[in-house]
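To keep things clear, I will list the structure first and then write my remarks on it.
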Amino acid sequence: MSGTVWFVGAGPGDSELLTVKGRALIERAGAILFAGSLVNEAATRWAPPGCVIADSKEMTLPQMAAWLIAQAGAHETVVRLQTGDPALYGALIELVQPLDAAGVPVRVVPGVSSAMASAAAAVESFTLPEVTQSVIFTRVEGRTPMPPGEDLASLAAHRTTLCIFLSITLLHKVEAGLRAAGWPEDAPIVVVHKASWPGEERIVRGTLSDIKQRCRDAGIVSQAMIIASPTLGARHWPDLVKSKLYDPGFTHRFRKASA
1 MSGTVWFVGA GPGDSELLTV KGRALIERAG AILFAGSLVN EAATRWAPPG
51 CVIADSKEMT LPQMAAWLIA QAGAHETVVR LQTGDPALYG ALIELVQPLD
101 AAGVPVRVVP GVSSAMASAA AAVESFTLPE VTQSVIFTRV EGRTPMPPGE
151 DLASLAAHRT TLCIFLSITL LHKVEAGLRA AGWPEDAPIV VVHKASWPGE
201 ERIVRGTLSD IKQRCRDAGI VSQAMIIASP TLGARHWPDL VKSKLYDPGF
251 THRFRKASA
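In terms of the UniProt record's numbering, the sequence shown opens at residue 1 and continues consecutively.
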């Protein structure tokens with residue numbers, strides 16, 4: 001009889017941004033494998049006495065799978081703490097496949113993505129009426145190639161919000177992609193380093209023309225979210241199109257128009 005391996009989104013860094021369900025699983029876990037290079041170890045502080053806790057930052061994928069399978073043979077609840085949300089850039093399926101092959105039950109608990117934490121830190125909105133209603137999560141090509149049609153220039157041509165993961169050391173490619181898509185030099189860009197990490201979060205604001213230099217001056221070379229969006233800075237706009245949902249003249253099933 002095998003225990004269940006739970007892939008739990010550990011959130012962007014602040015251990016209090018775990019979901020209630022994720023924390024409850026940690027509290028009853030017999031074993032926890034956390035991604036120490038990205039997940040704040042403080043997220044494991046709710047583990048019960050005797051819980052086996054290991055850091056996966058020096059493990060290969062086969063070693064991680066073998067550890068999880070072995071622990072599932074000894075414990076009812078095994079937790080794999082993934083940075084952000086397990087479905088985003090988390091090697092989730094690569095780890096699930098060997099567990100499936102070993103007959104180990106798998107469950108997933110979603111988490112707060114660094115994209116959401118970055119927008120929160122900067123007090124920005126990804127969407128605004130009549131500005132953009134779409135958000136693209138992507139990255140630029142590094143050692144991991146991008147599939148055909150997913151180069152940044154093609155995606156940026158939509159002129160919607162772009163959350164660019166895993167690309168802070170490739171800002172020159174980000175700039176080139178945005179320029180190729182016709183974004184102006186004064187297009188606003190926000191970079192958030194270690195979003196939500198207590199005492200470590202930093203926000204750099206700039207434009208397409210200077211964001212690379214601003215990040216260089218700030219020494220930001222890792223764990224950063226790049227947000228490029230026509231909505232950035234909207235809290236300071238003198239004119240803003242308001243949502244229809246809360247317009248006094250808009251009727252919906254919970255409220256009749258008053259004007």
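Cβ coordinates follow ideal geometry from the N, Cα and C atoms, glycine included.
- Put simply, of 126, 130, 145 the residue whose alpha carbon is nearest the alpha carbon of residue 136 is 126.
- When C-beta atoms of the segment 143–162 are compared with those of the segment 223–239, three or more pairs fall below 8 angstroms, so the two segments count as touching.
- Relative to the Cα of residue 88, the nearest Cα in the group 238, 9, 153 belongs to 9.
- Sequence-distant partners of residue 172 (beyond 5 residues in either direction) whose C-beta falls short of 7 angstroms from its own C-beta, in its chain, are 212.
- Separation of the CB atoms of residue 242 and residue 109 is rounded to 36 angstroms, and the pair is thereby denied contact status at 8 angstroms.
- Annotation: the continuous alpha helix (DSSP H) that includes residue 23 extends over 20–28.
- Rounded to whole angstroms, the separation of the alpha carbons of residue 83 and residue 90 is 7 angstroms.
- C-alpha of residue 182 to C-alpha of residue 62: approximately 44 angstroms in a straight line.
- Secondary-structure assignment with DSSP links residue 34 through a beta bridge to 55, 81.
- Contact between the segment 147–154 and the segment 188–208 is absent: fewer than three C-beta pairs spanning the two stretches fall below 8 angstroms.
- Burial state of residue 221 is exposed, judged by a 10 Å Cβ sphere holding fewer than 16 other Cβ atoms.
- Secondary structure note for residue 225: its beta strand (DSSP E) is the uninterrupted segment 224–228.
- Here residue 32 is actually not in contact with residue 99; their C-beta atoms are around 16 angstroms apart, not less than 8 angstroms.
- Distance from the CA atom of residue 131 to the CA atom of residue 124, rounded to whole angstroms, is 13 angstroms.
- The beta carbon of residue 96 is closer than 8 angstroms to those of 7, 106 in its chain, skipping five residues each way along the sequence.
- Across the structure, residue 201 and residue 122 are spaced so that their CA atoms are roughly 11 angstroms apart.
- Within the DSSP secondary-structure output, residue 136 pairs in a beta bridge with 162.
- When the Cα atoms are used, residue 217 and residue 258 turn out to be separated by approximately 53 angstroms.
- DSSP places residue 216 in the uninterrupted alpha helix (DSSP H) bounded by 211–218.
- Residue 36 is a Cβ neighbour of residue 57, given a cutoff of 8 angstroms.
- DSSP places residue 188 within a strand segment (E or B) once states are collapsed to three.
- Annotation: residue 192 to residue 128 spans about 21 angstroms, alpha carbon to alpha carbon.
- Listed in chain order, the non-local C-beta contacts of residue 45 below 8 angstroms within the same chain comprise 15, local neighbours out to five positions each way being set aside.
- Looking at the backbone, the Cα of residue 204 and that of residue 103 are separated by about 46 angstroms.
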